[in-house]
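Per UniProt numbering, the sequence shown runs over residues 1 to 199.
Ideal Cβ positions, reconstructed from N, Cα and C, are used throughout, including at glycine.
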Amino acid sequence: MFTGIVEELGEVISLTEGNEDSAVIAVRGPLVTSDARDGDSIAVNGVCLTVIDNVDGVFTADVMGETLRRSSLGALKVGGNVNLERAAALGSRLGGHLVQGHVDGVAKLVGREPADQWEVVTFSLPAELARYVVEKGSITVDGVSLTVMTVTDDTFAVGMIPATSKHTVLGSKAIGEPVNLEVDVIAKYVEKMLGSRNV
1 MFTGIVEELG EVISLTEGNE DSAVIAVRGP LVTSDARDGD SIAVNGVCLT VIDNVDGVFT
61 ADVMGETLRR SSLGALKVGG NVNLERAAAL GSRLGGHLVQ GHVDGVAKLV GREPADQWEV
121 VTFSLPAELA RYVVEKGSIT VDGVSLTVMT VTDDTFAVGM IPATSKHTVL GSKAIGEPVN
181 LEVDVIAKYV EKMLGSRNV
């Protein structure tokens, strides 16, 4: 479980395709690896990955084909930056919202509009996720917990403060680039429970 508060910008050191439907990713992240052990979870652009090795500030993780197909990790390039967050510890502050690190879909950045001290950033909204996205609700974009400002049938917009732009990959994303989306898990559970009732 994560909070969507990015701890560090990491650097992709290598991305090696496996013999079958898989890959191995190596990421430099001195902060998130400072106490990481084999088997620990680290979110990479919002995708929960399991550490299989940690040497000199670089951790390695296996990425299965399902993850490559359902996220933007397959599009990463060596030398590129990624958002990193360690799993939340019980008893710590929950600065964002409950984030699982399970990507629900991939969207694209479709607009950036500067404002006074912040920026309105608009993303496409996959049709199958639209019912979970509401104004003033929470959404995770590339592992960043954000509040939805506005939503249409096929887009949603968030307000991005300078700190988010500076300390996450969202500040350098260009129009048309893919992002990982995770909607609020509570909304999905509520939908399932209400759907099973005979109303």
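Quick one: measure Cβ to Cβ for residue i and residue j, integer angstroms, because I've assumed they're closer than 8 Å.
i       : j       : result
Val-12  : Leu-76  : 5 Å
Val-158 : Val-151 : At roughly 10 Å, the Cβ-Cβ gap does not stay under 8 Å, so Val-158 and Val-151 are not in contact.
Ser-138 : Val-106 : The Cβ separation is near 18 Å, so there is no contact.
Val-144 : Val-183 : No, Val-144 and Val-183 are not in contact; Cβ-Cβ is about 14 Å, not under 8 Å.
Leu-9   : Val-169 : 7 Å
Any idea if residue i is buried or exposed, counting beta-carbon neighbours within 10 angstroms, 16 or more meaning buried?
i       : result
Leu-146 : buried
Tyr-189 : exposed
Leu-68  : buried
Ile-186 : exposed
Ala-116 : For clarity, residue 116 is Asp in the given sequence; the question names Ala instead. Exposed, since its Cβ has fewer than 16 Cβ neighbours within 10 Å.
Leu-181 : buried
Pro-178 : buried
Met-160 : buried
Gly-101 : buried
Val-99  : buried
Val-55  : exposed
Thr-16  : exposed
For a quick check, are the C-beta atoms of residue i and residue j less than 9 Å apart?
i       : j       : result
Phe-2   : Ala-26  : no
Leu-109 : Phe-156 : no
Asp-38  : Asp-53  : yes
Gly-80  : Gly-46  : no
Val-44  : Ala-61  : yes
Ser-14  : Val-24  : yes
Gly-65  : Ser-22  : yes
Which partner residues of residue i appear in the DSSP bridge assignment?
i           : result
Ala-107     : Val-179
Gly-159     : Val-120
Arg-112     : Val-121
Thr-16      : Val-24
Ser-165     : Beta-bridge pairing links Ser-165 to no other residue.
residue 202 : Nothing can be reported for residue 202, as the shown portion of the chain is limited to 1 through 199.
Arg-86      : Ile-42
Glu-11      : Arg-28 and Asn-81
Leu-73      : In DSSP, Leu-73 forms no bridge with anything.
Checklist entry - If you pair each beta-carbon of the segment 164-184 with each one of the segment 32-39, do three or more pairs fall below 8 Å? => result no
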